[in-house]
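A.B. asks: This is the structure I have questions about; it appears just below.
2 protein chains.
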Amino acid sequence: MKISYKSDYALKTLLELALHYNKGVVSINDLAKKGDIPYKFLEQVLLTLKKGGFVDSKRGVSGGYFLAKAPGTITLGEVIRFIEGPIEPLMCASKKSYDECKDFNSCVFRDIWNQVYTATAMVVDSVTFGELVRRANAKHKESHDYVYTI
Amino acid sequence: MKISYKSDYALKTLLELALHYNKGVVSINDLAKKGDIPYKFLEQVLLTLKKGGFVDSKRGVSGGYFLAKAPGTITLGEVIRFIEGPIEPLMCASKKSYDECKDFNSCVFRDIWNQVYTATAMVVDSVTFGELVRRANAKHKESHDYVYTI
DNA sequence: ATAATCTCTACTAAAACAATAGTCATTATA
DNA sequence: TATAATGACTATTGTTTTAGTAGAGATTAT
Numbered sequence: 361m362k363i364s365y366k367s368d369y370a371l372k373t374l375l376e377l378a379l380h381y382n383k384g385v386v387s388i389n390d391l392a393k394k395g396d397i398p399y400k401f402l403e404q405v406l407l408t409l410k411k412g413g414f415v416d417s418k419r420g421v422s423g424g425y426f427l428a429k430a431p432g433t434i435t436l437g438e439v440i441r442f443i444e445g446p447i448e449p450l451m452c453a454s455k456k457s458y459d460e461c462k463d464f465n466s467c468v469f470r471d472i473w474n475q476v477y478t479a480t481a482m483v484v485d486s487v488t489f490g491e492l493v494r495r496a497n498a499k500h501k502e503s504h505d506y507v508y509t510i
Numbered sequence: 361m362k363i364s365y366k367s368d369y370a371l372k373t374l375l376e377l378a379l380h381y382n383k384g385v386v387s388i389n390d391l392a393k394k395g396d397i398p399y400k401f402l403e404q405v406l407l408t409l410k411k412g413g414f415v416d417s418k419r420g421v422s423g424g425y426f427l428a429k430a431p432g433t434i435t436l437g438e439v440i441r442f443i444e445g446p447i448e449p450l451m452c453a454s455k456k457s458y459d460e461c462k463d464f465n466s467c468v469f470r471d472i473w474n475q476v477y478t479a480t481a482m483v484v485d486s487v488t489f490g491e492l493v494r495r496a497n498a499k500h501k502e503s504h505d506y507v508y509t510i
């Protein structure tokens with residue numbers, strides 16, 4: 361029930377790029393520092409995200425990465441699936457395995473895994489990076505207000 | 361977002377024992393065959409389940425395992441947590457890590473992981489092995505009916 | 001020209017996972 | 001009471017995944 365650091369880094373980085381949407385590129389270096397991510401690892405994560413069509417890049421001096429689509433059009437679910445593979449907790453939850461499943465008793469679990477999958481998907485497929493940007497800004501504003509009202 | 365074979369085997373086996381509740385012990389051998397689980401691996405799984413207080417055993421000739429509590433009092437969630445550890449998708453979802461979390465932007469993800477956790481927990485904590493036994497019996501009845509109505 | 005940047009492939013260390021092996025302890029029963 | 005059938009326990013192994021590191025190459029603003 362865990363997600364990998366690779367996904368974690370990918371999501372953090374996409375949020376960072378979403379916050380810079382339409383404000384030019386951000387270098388791997390800056391992204392690595394900001395997210396406290398090992399530079400060389402982030403390099404690979406970004407290449408993966410580029411293959412997935414989530415980001416694009418500009419090479420050479422003052423190059424960097426930028427979001428390839430509007431933040432509002434990228435959901436968390438897409439990204440997680442692209443990095444981690446299927447979200448289902450057990451292979452048995454997928455249609456194909458079910459058809460091959462001979463053991464009736466075990467198959468009562470299929471309904472459970474399906475419920476878990478559906479519940480999870482409901483969350484991650486309904487949140488876009490656009491929404492996360494709004495929330496992050498709201499959090500900043502909150503802490504800003506706090507400073508002023510103390 | 362996967363659960364391990366160990367958990368899968370543990371759950372299957374507990375269901376099997378729940379189906380035999382109050383009908384004496386079941387040997388590891390029978391459980392292994394029924395669930396198509398490597399004998400020696402199942403041995404360890406059962407020891408774990410015993411430590412967790414989910415099953416108890418009788419040693420010696422015609423010994424075996426049996427459920428330590430009524431099926432209706434054991435939830436899937438308990439078992440999964442005991443075998444897999446915390447269900448949260450990322451450490452950041454736990455209270456302690458949150459308090460230590462300095463990065464405001466990343467923390468918008470905390471709400472997401474919490475929602476995923478809550479949704480998952482809702483499912484696995486509300487289903488007991490008693491309920492699974494009912495469902496398994498219903499499935500058997502269903503397929504039985506089918507044979508007769510063809 | 002060159003320095004800053006992304007690109008690509010390969011490698012490695014450590015942990016987790018799944019399974020296997022072997023020896024010991026207990027007990028029903030012949 | 002000997003013995004065969006069972007569970008208890010610990011150690012070991014092979015594989016895969018994860019997380020990270022290394023280094024050489026390509027591109028481009030200045």
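Just so you know, the protein sequences line up as chains A and B, in that order.
So for the first sequence, my numbering puts the first residue at 361; every next one is plus one.
So for the second sequence, my numbering puts the first residue at 361; every next one is plus one.
Heads up, the beta-carbon is just placed ideally off N, CA and C, and yes, glycines get one too.
1) Note down, in chain order, every chain A residue with its Cβ under 8 Å from the Cβ of Thr-480 of chain B.
2) How about Tyr-369 of chain B and Ile-388 of chain B: do their beta carbons lie closer than 7 Å?
3) Where Leu-391 of chain B and Ser-417 of chain B are concerned, what is the direct C-alpha to C-alpha distance, given to the nearest angstrom?
4) Assign Ser-387 of chain B to one of three DSSP states: helix, strand, or coil.
5) What residues from chain A crowd round Leu-436 of chain B, counting only those whose CB sits closer than 8 Å?
6) Verify the CB distance criterion: does Val-415 of chain A have a CB-CB separation below 7 Å to chain B?
7) In terms of residue numbering, what span does the alpha helix (DSSP H) encompassing Asp-368 of chain B cover?
8) For a contact meaning CB atoms closer than 9 Å, what does Asn-492 of chain B contact in chain A?
9) Three-state secondary structure (DSSP) at Val-415 of chain B?
10) Apply the 10 Å Cβ neighbour rule to Gly-424 of chain A and answer buried if 16 or more other Cβ atoms are within range, or exposed otherwise.
11) Name the DSSP beta bridge partners of Leu-427 of chain A, please?
12) So, is the C-beta of Tyr-365 of chain A closer than 7 Å to a C-beta in chain B?
13) Beta-carbon of Pro-431 of chain A versus every beta-carbon of chain B: anything under 7 Å?
14) Does the segment 425-438 of chain B touch the segment 371-383 of chain B, meaning 3 or more C-beta pairs lie closer than 8 Å?
15) Using a Cβ-Cβ cut-off of less than 9 Å, give me the residues of the segment 390-407 of chain A that come near chain B, in sequence order.
16) Near Val-487 of chain A, what residues of its chain come up, given a Cβ to Cβ distance below 6 Å and the 5 sequence neighbours on each side ignored?
17) So Lys-487 of chain A contacts chain B; which residues on that side make the cut at Cβ distance below 8 Å?
18) Leaving aside the five residues before and after Ile-363 of chain B along the sequence, list all residues of the same chain whose C-beta is less than 8 Å from its C-beta, in chain order.
19) Using DSSP bridges, identify the partner residues of Thr-433 of chain A.
20) Can you name the start and end residues of the alpha helix (DSSP H) that Asp-396 of chain A belongs to?
21) Classify Glu-502 of chain B: buried if its beta carbon has 16 or more other beta carbons within 10 angstroms, exposed otherwise.
22) Between Val-439 of chain A and chain B, is the shortest Cβ-Cβ distance under 7 Å, so that the two count as touching?
23) For Asp-459 of chain B, count neighbouring Cβ atoms within 10 angstroms of its own Cβ and tell me buried if that reaches 16, exposed if not.
24) Thr-480 of chain B to Gly-420 of chain A, Cα distance in whole Å?
25) Check each candidate in B:Glu-491, B:Asn-497, B:Ile-447 and name the one with the smallest Cα separation from Asn-474 of chain B.
26) Along chain B, in chain order, which residues have C-beta atoms closer than 8 Å to that of Leu-371 of chain A?
27) When DSSP builds the beta bridges, which residues end up paired with Thr-488 of chain B?
28) For Val-483 of chain A and chain B, any beta-carbon pair shorter than 7 Å?
29) Measure the C-alpha to C-alpha separation of Gly-412 of chain A and Lys-411 of chain B and round it to an integer number of angstroms.
30) Give me the Cα-Cα distance between Ala-496 of chain A and Lys-400 of chain A, rounded to the nearest whole angstrom.
31) Is it the case that the Cβ atoms of Leu-409 of chain B and Phe-489 of chain B are separated by a distance below 7 Å?
C.D. replies: Here's the rundown:
1) Here residue 480 of chain B refers to the residue found at position 120 when the second sequence is read from its first residue. Correct list: Met-361, Val-476, Ala-479, Thr-480.
2) Start at 1 with the first residue of the second sequence, and residue 369 of chain B comes out as number 9. Start at 1 with the first residue of the second sequence, and residue 388 of chain B comes out as number 28. Cβ atoms of Tyr-369 of chain B and Ile-388 of chain B: not closer than 7 Å.
3) Numbered from its first residue, the second sequence carries residue 391 of chain B at position 31. Numbered from its first residue, the second sequence carries residue 417 of chain B at position 57. Each residue's alpha carbon lies about 13 Å from the other.
4) For the purposes of this step, residue 387 of chain B is taken as the residue at position 27 of the second sequence. Note: Ser-387 of chain B maps to coil in three-state DSSP.
5) Counting from 1 along the second sequence, the entry for residue 436 of chain B is found at position 76. Ordered by position in chain A, the residues that pass the 8 Å Cβ test against Leu-436 of chain B are Ile-472.
6) Locating residue 415 of chain A in the first sequence gives position 55, where the first residue counts as 1. It does not; no Cβ of chain B falls within 7 Å.
7) As a working note, residue 368 of chain B is residue 8 in the second sequence. For Asp-368 of chain B, the uninterrupted alpha helix (DSSP H) run begins and ends at 365-379, by DSSP.
8) Working through the second sequence from its first residue, we reach residue 492 of chain B at position 132. Note on identity: in this sequence residue 492 of chain B is Leu, with Asn being the wrong assignment. Within 9 Å Cβ-Cβ: Asn-465, Val-468, Phe-469, Ile-472.
9) Here residue 415 of chain B corresponds to residue number 55 of the second sequence, with the count starting at 1. Correct three-state label for Val-415 of chain B: strand.
10) Residue 424 of chain A sits at position 64 when you count from the first residue of the first sequence. By the neighbour-count definition (other C-beta atoms within 10 Å, threshold 16), Gly-424 of chain A is a buried residue.
11) Sequence index remark: in the first sequence, residue 427 of chain A carries index 67 (1-based). Per DSSP, A:Val-415.
12) The residue you call residue 365 of chain A lines up with position 5 of the first sequence. Not an interface residue.
13) As a first step, residue 431 of chain A must be located in the first sequence, where it is residue number 71. Chain B contact via Cβ: absent.
14) Verdict: yes, contact present.
15) Under the 9 Å Cβ criterion, the segment 390-407 of chain A contributes Lys-394, Gly-395, Asp-396.
16) As a position in the first sequence, residue 487 of chain A is number 127, starting the count at 1. Apart from the 5 residues on each side of it in sequence, Val-487 of chain A sits with its Cβ closer than 6 Å to the Cβ of Leu-436 in its chain, given in chain order.
17) One-based indexing of the first sequence puts residue 487 of chain A at position 127. Reading off the sequence, residue 487 of chain A comes out as Val, not Lys. Chain B residues near Val-487 of chain A: Ile-472.
18) Residue 363 of chain B sits at position 3 when you count from the first residue of the second sequence. These residues qualify, in order along the chain: Ile-440, Glu-444.
19) Along the first sequence, read from residue 1 onward, the residue named residue 433 of chain A stands at position 73. Partner(s): none; Thr-433 of chain A has no beta bridge.
20) As a first step, residue 396 of chain A must be located in the first sequence, where it is residue number 36. Note, Asp-396 of chain A: premise wrong, no alpha helix (DSSP H); not H, not E.
21) Your numbering for residue 502 of chain B matches position 142 in the second sequence. Exposed, since its Cβ has fewer than 16 Cβ neighbours within 10 Å.
22) Here residue 439 of chain A corresponds to residue number 79 of the first sequence, with the count starting at 1. False, the Cβ-Cβ gap to chain B never drops below 7 Å.
23) For the purposes of this step, residue 459 of chain B is taken as residue 99 along the second sequence, with counting starting at 1. Confidence in Asp-459 of chain B is poor, its pLDDT being 49 and thus under 50, which makes the residue's placement unreliable; the coordinate value appears in the next sentence. Asp-459 of chain B is exposed by the Cβ-count criterion.
24) Residue mapping note: residue 480 of chain B aligns to position 120 of the second sequence, counting from 1. Residue mapping note: residue 420 of chain A aligns to position 60 of the first sequence, counting from 1. Thr-480 of chain B and Gly-420 of chain A have their C-alpha atoms spaced approximately 45 Å apart.
25) Counting from 1 along the second sequence, the entry for residue 474 of chain B is found at position 114. Answer by Cα proximity: B:Ile-447.
26) Working through the first sequence from its first residue, we reach residue 371 of chain A at position 11. Going along chain B in sequence order, the residues near Leu-371 of chain A (Cβ under 8 Å) are Phe-469.
27) Residue numbering aside, residue 488 of chain B sits at position 128 when the second sequence is read from its first letter. Partner(s): B:Thr-435.
28) What you label residue 483 of chain A is simply residue 123 of the first sequence in a count that begins at 1. Cβ-Cβ to chain B under 7 Å: yes for Val-483 of chain A.
29) Translated into positions along the first sequence, residue 412 of chain A becomes position 52. Translated into positions along the second sequence, residue 411 of chain B becomes position 51. Looking at the two C-alpha atoms, the distance is approximately 45 Å.
30) Residue mapping note: residue 496 of chain A aligns to position 136 of the first sequence, counting from 1. Residue mapping note: residue 400 of chain A aligns to position 40 of the first sequence, counting from 1. As the crow flies, the alpha-carbon of Ala-496 of chain A is around 27 Å from that of Lys-400 of chain A.
31) Walking along the second sequence from the start, residue 409 of chain B turns up at place 49. Walking along the second sequence from the start, residue 489 of chain B turns up at place 129. Result no, Cβ atoms of Leu-409 of chain B and Phe-489 of chain B do not sit closer than 7 Å.
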